[in-house]
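The structure appears below as structure tokens.
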Amino acid sequence: MASYILAGGKSKKRVALPHARIMIHQPSANFNMDGEEESSIDELYVELAELLTIRESLARGYSERTGKPLWIISQDLERDLYMSATEAKAYGIVDRVGL
Numbered sequence: 081m082a083s084y085i086l087a088g089g090k091s092k093k094r095v096a097l098p099h100a101r102i103m104i105h106q107p108s109a110n111f112n113m114d115g116e117e118e119s120s121i122d123e124l125y126v127e128l129a130e131l132l133t134i135r136e137s138l139a140r141g142y143s144e145r146t147g148k149p150l151w152i153i154s155q156d157l158e159r160d161l162y163m164s165a166t167e168a169k170a171y172g173i174v175d176r177v178g179l
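Taking the working numbering, the leading residue of the sequence shown gets 81, the next gets one more, and so forth.
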């Protein structure tokens, strides 16, 4: 989520240090109810629907802030995507690399 906050910064002010690593990933949830009462299927569907809503919102936000098409962002969110500061600049998450 830190990369989402970084991407949402003021345009032309988003900076990454030269040795920074930036990662984007889809939201996740733990449906393991250890020590708790079992959830009903309906409750799990509600949680899953919310998770999918958050994922869609996240993808749209990245798309708006980076200028990348939604389908590329969605594809990149399928796995953890690690970037160097220079790669994050090319991706549109930061505006410059420096101090």
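Beta carbons are placed, not taken as given, at the ideal position from N, Cα and C, and that holds for glycine.
None of the values given here were measured: they were computed from a predicted structure.
According to DSSP, which residues form a beta bridge with L161? I104
Going by DSSP, what residues sit across from R176 in a beta bridge? V95
Give me the residue from E158, D175 and A168 with the minimum Cα distance to P107. E158
Cutoff 8 Å; reference G147; Cβ partners in own chain excluding five residues on either side: G172
I need the boundaries of the alpha helix (DSSP H) containing A129, first residue and last residue. I121 to T146
Distance, Cα to Cα, A165 vs V177? 6 Å
What's the call for A68, buried or exposed, on a 16-neighbour Cβ count within 10 Å? Residue 68 is absent from the structure shown; the chain starts at 81 and stops at 179.
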